[in-house]
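Before any comments, here is the structure.
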């Protein structure tokens, strides 16, 4: 029962974070929401009996790719400008 | 590991930058080029050595079926594609030894080029969708870096970004389509999917087919998805344009053929009509927009789109003759388009501009290059003693054979329309020079001329004596149409 | 366990969100995130199919495909982001619609 609710909540949060990450105006916030989406996808993988995969997802996506995105945001736009 | 064909390419692509680290800066381009050319020669020699054995039965690696059952199958259709890719890779490497001498970072360039050819060879030999995806992604990612190799030039970066975004969407769509196929059948092994899909035409099969064709079609320059083609072909360095136009696009069409004839013969009637629509759209758009170009490389890119349309005519016919004609035209078009891009690169190397007007009268200054360019253009139009004529003739015959006469007539009409822009290139080559700008232009250096002459010679040879390549294409199509021979 | 259609619907909705992002947004970094969302949708599809085929067990084939694909998507993101930095240095902006040197 609890597992059911948790899985539905994870699916809903994945979709919500994906939508937020592409709609928010500030680029930094968009990258943060993208990271949260990747973490919730990792949690989905955990609940579906694939723990090894969840660790990979967290390590590469929520680790390396988000770090690269943040590095790019810092190198190109900076803090003060807000782009669409 | 795998077969020596793919192994030697992998090993050389790792050795080349290591050797490049130790050579002095000035000659690193030549030495690394020579080392990587050795890799291609070893690979091609092994392929030609085991070719008679493949004609009777394909080689499966690994030998016994394991739990995961991924495999590389060395068979005849894959050998057609990989022979083209290896030959073009060898020629592009020899060409780049002189062409890329002013760029920095050339040992890594050779390594990336070899990795891209490895991807093409591996993808054409793949026995199931997992291996196909891995080698496909290897080819794609290395080609992104190679298209944007001159990163200090504005238009290279822009072309590379456009190409990457569209092709990335293509890869994601391919992955999604593969997951739908996996859900329907529980396996990704190509012959097993074909055997377990015999019954049923559920809507998810159509969705999966649509996604796979869209994904591979972005790379294969099907019409609404072709917008990256002119920019990427024009802004890439010329040997890279030659490989992408001659091998990578052809690989995408080859994989579409393989998937259609292996997995989806159940719904055969639907996709034949779709492909005739795609063929007509490609021909119309490629030829008509090609007439409006002034930049020769963009013109050649639109002509590539048109030729992919001709190849789709053979697939739309759906018979064995149609598939033979398509495979033969794939091979011939790869050779012709690569020769055209390499000649254009030699001209750019000497005069530094891609424009048609700046090229006027260069035929007198660079006779060998212009002769080879003329041979390439005549082959693309479809003139008799060259190989383009034979494959176009076979395409027309396959249209008559399967009752789609209107496609054959459109093929002839649009070949005639395409003559309009090919003649402009020929006119620019043989016209009198306009002013003194071209007075100090010499013939291209010998290392650039060797691949150009080899390709021109191959084109004439395959035009006068088409028998071996025609038998090769017939064997390939007979293997492709019967999945049962693989299982 | 929620029914299987929930995961399939989640994957399809994520795919549509990714496509929407690529079609309407202009900032290059947002477009990169859109492609990554597309790839994640395909991964969820693989694992969901494999989990419901035989309950309680994930097919090793599906797991290996997703692991390899996560690695490849990381490579793709790295290459795309490094080209983004070069584009910013050339053009001064990250707006895709202003990068129009090649026309025709």
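Protein chains in written order, with the working numbering: chain A, -8 to 75; chain B, 873 to 1359; chain C, 4 to 107.
Just so you know, even glycine gets a beta-carbon here, dropped at the ideal spot from N, CA and C.
Identify the contact partners of residue i in chain C, using a Cβ-Cβ distance below 7 Å as the criterion.
{"i": "residue 12/A", "result": "36"}
Output, in chain order, the set of chain C residues within a Cβ distance shorter than 8 Å of residue i.
{"i": "residue 882/B", "result": "Result: empty, since nearest Cβ-Cβ is about 17 Å, beyond 8 Å."}
Name the chain B residues that come within less than 8 Å of residue i, Cβ to Cβ?
{"i": "residue 73/C", "result": "Near residue 73/C there are no residues of chain B at all, since even the closest Cβ is about 11 Å away, more than 8 Å."}
Could you confirm whether any beta carbon from chain C is found closer than 8 Å to the beta carbon of residue i?
{"i": "residue 9/A", "result": "yes"}
{"i": "residue 879/B", "result": "no"}
{"i": "residue 1002/B", "result": "yes"}
{"i": "residue 40/A", "result": "yes"}
{"i": "residue 1058/B", "result": "yes"}
{"i": "residue 1068/B", "result": "no"}
{"i": "residue 1048/B", "result": "yes"}
{"i": "residue 1080/B", "result": "no"}
{"i": "residue 985/B", "result": "no"}
{"i": "residue 1101/B", "result": "no"}
{"i": "residue 967/B", "result": "no"}
{"i": "residue 66/A", "result": "yes"}
{"i": "residue 1216/B", "result": "no"}
{"i": "residue -7/A", "result": "no"}
{"i": "residue 70/A", "result": "In this prediction, residue 70/A has a pLDDT of 45, which is less than 50 and means its spatial position is unreliable; what the coordinates show is noted afterwards. Chain C contact via Cβ: absent."}
{"i": "residue 49/A", "result": "no"}
{"i": "residue 1037/B", "result": "yes"}
Between residue i and chain A, is there a C-beta pair that is closer than 8 Å?
{"i": "residue 48/C", "result": "no"}
{"i": "residue 103/C", "result": "no"}
{"i": "residue 88/C", "result": "yes"}
{"i": "residue 97/C", "result": "yes"}
{"i": "residue 13/C", "result": "yes"}
{"i": "residue 54/C", "result": "yes"}
{"i": "residue 17/C", "result": "yes"}
{"i": "residue 66/C", "result": "yes"}
{"i": "residue 91/C", "result": "yes"}
Checking 8 Å against the spacing of the C-beta atoms, do residue i and residue j come in under that value?
{"i": "residue 1188/B", "j": "residue 1267/B", "result": "no"}
{"i": "residue 10/C", "j": "residue 47/C", "result": "yes"}
{"i": "residue 1103/B", "j": "residue 1034/B", "result": "yes"}
{"i": "residue 1106/B", "j": "residue 1169/B", "result": "yes"}
{"i": "residue 17/C", "j": "residue 44/C", "result": "yes"}
{"i": "residue 1029/B", "j": "residue 1040/B", "result": "no"}
{"i": "residue 1018/B", "j": "residue 985/B", "result": "yes"}
{"i": "residue 56/A", "j": "residue 74/C", "result": "no"}
{"i": "residue 64/C", "j": "residue 1060/B", "result": "yes"}
{"i": "residue 943/B", "j": "residue 1003/B", "result": "yes"}
{"i": "residue 1207/B", "j": "residue 1342/B", "result": "no"}
{"i": "residue 1128/B", "j": "residue 1151/B", "result": "no"}
{"i": "residue 960/B", "j": "residue 1118/B", "result": "yes"}
{"i": "residue 1310/B", "j": "residue 1233/B", "result": "yes"}
{"i": "residue 983/B", "j": "residue 1051/B", "result": "no"}
{"i": "residue 63/A", "j": "residue 40/C", "result": "no"}
{"i": "residue 20/C", "j": "residue 49/C", "result": "no"}
For residue i, go through chain C and note every residue whose CB falls closer than 9 Å to its CB, in chain order.
{"i": "residue 1287/B", "result": "Within chain C, no residue comes near residue 1287/B; the closest Cβ sits about 23 Å away, beyond 9 Å."}
{"i": "residue 1180/B", "result": "Residues of chain C passing the Cβ test: none, with the nearest at roughly 20 Å."}
{"i": "residue 30/A", "result": "Simply none; closest approach about 12 Å."}
{"i": "residue 980/B", "result": "In chain order: nothing, as chain C lies at least about 13 Å away."}
Which residues does DSSP list as the beta-bridge partners of residue i?
{"i": "residue 1222/B", "result": "Per DSSP, none; premise fails for residue 1222/B."}
{"i": "residue 945/B", "result": "932/B"}
{"i": "residue 998/B", "result": "944/B"}
{"i": "residue 1167/B", "result": "1227/B"}
{"i": "residue 98/C", "result": "30/C"}
{"i": "residue 1061/B", "result": "1000/B"}
Less than 8 Å between CB atoms is the rule here; does residue i satisfy it with respect to chain B?
{"i": "residue 24/C", "result": "no"}
{"i": "residue 32/C", "result": "no"}
{"i": "residue 45/C", "result": "yes"}
Along chain A, which residues have their Cβ under 7 Å away from the Cβ of residue i?
{"i": "residue 69/C", "result": "44"}
Starting from the beta carbon of residue i, find every residue of chain B whose beta carbon is closer than 7 Å, and list them in chain order.
{"i": "residue 84/C", "result": "Ordered by position in chain B, no residue passes the 7 Å Cβ test against residue 84/C, which lies about 10 Å from the chain."}
{"i": "residue 108/C", "result": "Residue 108/C cannot be examined here, being either before or after the span of chain C that is shown, 4 to 107."}
Can you name the residues of chain D whose CB is closer than 7 Å to the CB of residue i?
{"i": "residue 42/C", "result": "Note that chain D does not occur in the displayed structure, where the protein chains are A, B and C."}
Quiz item: Between the region 1172 to 1185 of chain B and the region 1147 to 1162 of chain B, do at least 3 Cβ pairs fall closer than 8 Å?
Solution: Note that the region 1172 to 1185 of chain B touches the region 1147 to 1162 of chain B; at least 3 beta-carbon pairs, one per stretch, sit closer than 8 Å.
Quiz item: Counting Cβ pairs closer than 8 Å, one from the region 1202 to 1215 of chain B and one from the region 1102 to 1115 of chain B, do we hit at least three?
Solution: Segments in contact, yes.
Practice problem: Give a yes or no on contact between the region 993 to 1012 of chain B and the region 1092 to 1107 of chain B, applying the rule of three or more CB pairs nearer than 8 Å. | Solution: no
Quiz item: With a cut-off of 8 Å, do at least 3 Cβ pairs link the region 24 to 44 of chain C to the region 18 to 32 of chain A?
Solution: Segments in contact, yes.
Exercise. Say whether the region 1253 to 1268 of chain B touches the region 1124 to 1136 of chain B, bearing in mind that this needs 3 or more beta-carbon pairs closer than 8 Å, one atom from each stretch.
Key: No: fewer than three Cβ pairs fall under 8 Å.
Practice problem: Say whether the region 950 to 970 of chain B touches the region 902 to 921 of chain B, bearing in mind that this needs 3 or more beta-carbon pairs closer than 8 Å, one atom from each stretch. | Solution: Contact holds between the region 950 to 970 of chain B and the region 902 to 921 of chain B, because three or more Cβ pairs, one in each stretch, are under 8 Å apart.
Quiz item: Would the region 949 to 959 of chain B and the region 1343 to 1355 of chain B be scored as touching if the rule is three or more Cβ pairs under 8 Å?
Solution: yes
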